[in-house]
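If you read the protein sequences in the order shown, they are chains A and B.
Be aware that the first sequence starts at 9, since it is given in our numbering, and climbs by one per residue.
Be aware that the second sequence starts at -16, since it is given in our numbering, and climbs by one per residue.
Heads up, the thing below is written out as structure tokens.
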Amino acid sequence: MSKYQRVAYYPGCALEGTGHAYNSSTKAVGKALGLELDEVKDWNCCGAMEVKNVDPKVQTYLSSRVMSIAANEMKASVVMAPCNGCYHNLKKAEYDLANDAASRETVDRISKKAGHETYQAGSLETIHALDWIKEGIGEEELKRRLKNSLKGLKVANYYGCMYTRPRHIFPEKDQGQGSESTSQPHFMDDLLAAAGAENVDFPLKTACCGGAHTLSDSDISTRLVLNILEAAEAAGADVIATECPTCHSGLEMHQVRAEKVLGRKTTVKMLYFTQLLGVALGIGPRKLGIHENVSDGMEALNKVL
Amino acid sequence: MAIHEKSLIRPENLKTHENLFVDGVDVSGHWSTFIESRVVADYNEALEEEIAALPGGEHIHRCWQCGSCTNSCTVNAVNPDFNPRYWIYLIRVGMESELLRDKDIIWQCVSCNKCTYACPRDVFPEGVMKATAHWLELQGHTPKSKSTLFDEEFTAQVVATGKIEEGRIIRNFFARTGQPLLQDWLVEMVKRVARRLPFKQGLMMALAAVFRPRTRKWRKAGAAISEYVHEQEAKNRKALSLE
Chain A
9 MSKYQRVAYY PGCALEGTGH AYNSSTKAVG KALGLELDEV KDWNCCGAME
59 VKNVDPKVQT YLSSRVMSIA ANEMKASVVM APCNGCYHNL KKAEYDLAND
109 AASRETVDRI SKKAGHETYQ AGSLETIHAL DWIKEGIGEE ELKRRLKNSL
159 KGLKVANYYG CMYTRPRHIF PEKDQGQGSE STSQPHFMDD LLAAAGAENV
209 DFPLKTACCG GAHTLSDSDI STRLVLNILE AAEAAGADVI ATECPTCHSG
259 LEMHQVRAEK VLGRKTTVKM LYFTQLLGVA LGIGPRKLGI HENVSDGMEA
309 LNKVL
Chain B
-16 MAIHEKSLIR PENLKTHENL FVDGVDVSGH WSTFIESRVV ADYNEALEEE
34 IAALPGGEHI HRCWQCGSCT NSCTVNAVNP DFNPRYWIYL IRVGMESELL
84 RDKDIIWQCV SCNKCTYACP RDVFPEGVMK ATAHWLELQG HTPKSKSTLF
134 DEEFTAQVVA TGKIEEGRII RNFFARTGQP LLQDWLVEMV KRVARRLPFK
184 QGLMMALAAV FRPRTRKWRK AGAAISEYVH EQEAKNRKAL SLE
């Protein structure tokens, strides 16, 4: 049995808010594939980008508290975070705690005052929902369980920034065949290809959506998002598959904003990769939260349903 | 794309005279345009050390000016004046007056970390941009940017409850920055979702806005973080001799 068969689950704040559909579709896909999730007890925000800007070590502490609960209280060996931001921050905290004495000292001090065990680097493996399905199930098994091939659906896979950059916090990536690449990520492409989708050649897989300033500098974010949307359309995509709630809501928000403010209309739809996999596994669109998306994914999915 | 280099000749330094005679020679008009020389009268020798003392700026001294950061920069592609390599150069030689010319755009770094990925010297330019934006605010050269106001609102919520509620952050942020909540495109977005969202879900979202999500057993952690943040703020101010 794979070590990813049962993992600690860290949904994070966004998956209880704007990314609600990502949460429900992740759980539904896991259930259909026989993968189990134990939600981390009393979890807190990972610190996102914002707390890091106030003080980076506070973000390290916030992420370490989540890992401490998973490792020390729940005795888990693997924690899975579907949100790129959470995944990135847990990875970064892991790196800093393993390599920087000052970070260890600060985290230890705050942890003691907060009254919980300090997280020790190396006691937990942090993975993304992509790793969870790709390594825990694999393409062959996924193909066997298909109920509804996505054949004919043209998909642009969009990974965003936090899944691959900066590379030093992802030591398991770029390790040759079978591992994820930081310059040309392909785990989502692999899974969706196994589900029957036709992946288009999309050059902006790891481009930035401007998520950090989505509200504080909306004009730049709109231009960055419009770039991504128009490139996906030019590549012939019906759908942009996403794997991060911030990217996803950023693409949706600024698609509307580009139309309203710049008069540039795009029609490509955004769907979480878990929603697409869910459709392929025969799960009902309602259970996957497809009606919660701003862009109407059903229009594209009618092609395959 | 080629690296965009800043032109050192500024339009305001180009002098064309309508009617000018020097030693009886007519030098009027476009053909004898003068360029006023650029004078840097003062260097701030402490500039690099001050930026290096702020979180993110620690490794600025490693830079050897290859320009990979600017070449890979997301914001540079939108605004060619956004030039991390150039700013790192100015900071390292202490040309504060030149740096201040760009003070209003430095905060616009979107933290995509393409520069950090590309940098062969592990300068962590993303961190340097944050440290520089922070420095500008602490020194009073710029007011707090919208990004800083957003970060502060976000962090305050995390310290208070352990979690964030997106709706509350957006409302408080718009109020703090004096923007109307009912912007065309936001209204349009809500309309598009509401069209398909079942009543039950709408009700859940409204409830989340009233009863804020909280982390259980958070009080002591929140207090410890708050104490640490105040301590760091004092340390940063001291490093910039602002006491």
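Glycine is no exception: its CB is placed at the ideal position from the N, C-alpha and C atoms.
Note down, in chain order, every chain A residue with its Cβ under 7 Å from the Cβ of residue i.
i, result
"B:G145", "N52 and C53"
"B:M172", "M261, V264 and V302"
"B:N96", "C169, R173 and P174"
"B:A207", "I118, K121 and A122"
List the residues of chain B whose Cβ lies closer than 8 Å to the Cβ of residue i, in chain order.
i, result
"A:R73", "A204"
"A:P90", "In chain order: nothing, as chain B lies at least about 16 Å away."
"A:Y127", "Ordered by position in chain B, no residue passes the 8 Å Cβ test against A:Y127, which lies about 13 Å from the chain."
"A:L232", "T57, V61 and V93"
Which residues of chain A have a Cβ atom closer than 9 Å to the Cβ of residue i, listed in chain order?
i, result
"B:E148", "C21, E24 and G25"
"B:T138", "G55, E58, V59, N61, V62, D63 and V66"
"B:L(-9)", "By Cβ distance, chain A contributes nothing, its closest Cβ being about 26 Å from B:L(-9), past 9 Å."
Grab the span of the alpha helix (DSSP H) containing residue i for me, first residue to last.
i, result
"A:V163", "It is not in any alpha helix (DSSP H) - A:V163 instead sits in the beta strand (DSSP E) that spans K162 to N165."
"B:D134", "K129 to T144"
"A:R112", "A109 to A122"
"B:R68", "P67 to V76"
"B:K203", "R202 to A222"
"A:L279", "No alpha helix (DSSP H) holds A:L279; the beta strand (DSSP E) holding it covers K277 to Y280."
"B:P52", "Before going further, note that residue 52 of chain B is Cys rather than Pro in the sequence given. Unbroken alpha helix (DSSP H) run through B:C52: S51 to S55."
"A:M397", "Residue 397 of chain A falls outside the range modelled here, since chain A spans only 9 to 313, and no answer is possible."
"B:H117", "P108 to L121"
"A:D63", "Where A:D63 is concerned, there is no enclosing alpha helix (DSSP H), given that its DSSP letter is neither H nor E."
Let me know if residue i comes out buried or exposed under the rule of 16 or more other beta-carbons within 10 Å of its beta-carbon.
i, result
"A:A101", "buried"
"B:I(-8)", "exposed"
"B:H12", "For clarity, residue 12 of chain B is Gly in the given sequence; the question names His instead. Result: exposed."
"B:V176", "buried"
"B:I152", "buried"
"A:Q283", "buried"
"A:R73", "buried"
"A:R112", "buried"
"B:A24", "exposed"
"B:L(-3)", "exposed"
With a Cβ-Cβ cutoff of 8 Å, do residue i and residue j count as a contact?
i, j, result
"A:M88", "A:I135", "yes"
"A:P90", "A:A137", "yes"
"B:K200", "B:T160", "no"
"A:L41", "A:Y12", "no"
"A:A249", "A:V302", "no"
"A:N165", "A:F210", "yes"
"A:L98", "A:K142", "no"
"B:G39", "B:K97", "no"
"B:I34", "B:V142", "no"
Which residue comes first and which comes last in the beta strand (DSSP E) that contains residue i?
i, result
"A:M196", "Where A:M196 is concerned, there is no enclosing beta strand (DSSP E), although the alpha helix (DSSP H) it sits in stretches over F195 to A202."
"A:R265", "Unbroken run through A:R265 is the alpha helix (DSSP H), P253 to R265; no beta strand (DSSP E)."
"A:A249", "V247 to T250"
"A:H326", "Summary: the structure shown does not reach residue 326 of chain A, with chain A confined to residues 9 through 313, and so no result is reported for it."
"A:K35", "Per DSSP, A:K35 belongs to no beta strand (DSSP E); it is in the alpha helix (DSSP H), H28 to L41."
"A:R173", "Element bounds for A:R173: n/a, residue is neither H nor E."
"A:M6", "It is not possible to answer for residue 6 of chain A, since the shown part of chain A is limited to 9 through 313."
"A:V15", "R14 to Y17"
"A:E47", "E44 to E47"
Could you give the distance in angstroms between the alpha-carbon of residue i and the alpha-carbon of residue j?
i, j, result
"A:E238", "A:T274", "7 Å"
"A:R314", "A:K39", "Residue numbering for chain A in the displayed model covers 9 to 313; residue 314 of chain A lies beyond these limits and cannot be assessed."
"B:M(-16)", "A:C255", "Any reading at B:M(-16) needs caution, since the residue's pLDDT is 45, under 50, leaving its predicted position unreliable; the model's value is listed next. Whole-angstrom Cα-Cα distance: 25 Å."
"B:E79", "B:W118", "12 Å"
"A:E125", "A:S119", "7 Å"
"A:G168", "A:Q128", "29 Å"
"A:L285", "B:E109", "35 Å"
"A:A245", "B:E32", "49 Å"
"B:D167", "A:S226", "13 Å"
"A:A205", "A:L161", "5 Å"
"A:Y171", "A:Y17", "17 Å"
"B:R104", "B:E81", "25 Å"
"A:V66", "B:W70", "27 Å"
"A:R153", "B:W47", "54 Å"
"A:G123", "A:D50", "14 Å"
"A:A308", "A:V247", "7 Å"
"A:R158", "A:V287", "It is worth fixing the name first, because residue 158 of chain A is Leu in this sequence and not Arg. The alpha-carbon atoms of A:L158 and A:V287 are separated by roughly 8 Å."
Can you list the residues of chain A that residue i reaches, using a CB-CB cut of under 8 Å?
i, result
"B:C49", "None at all; the shortest Cβ gap to chain A is about 17 Å."
"B:G39", "P64"
"B:F182", "Residues of chain A passing the Cβ test: none, with the nearest at roughly 12 Å."
"B:S130", "N61, A220, H221, S224 and D225"
Find the residues of chain B that neighbour residue i, judging by a C-beta separation of less than 7 Å, and give them in chain order.
i, result
"A:V269", "W168"
"A:A220", "V93 and S94"
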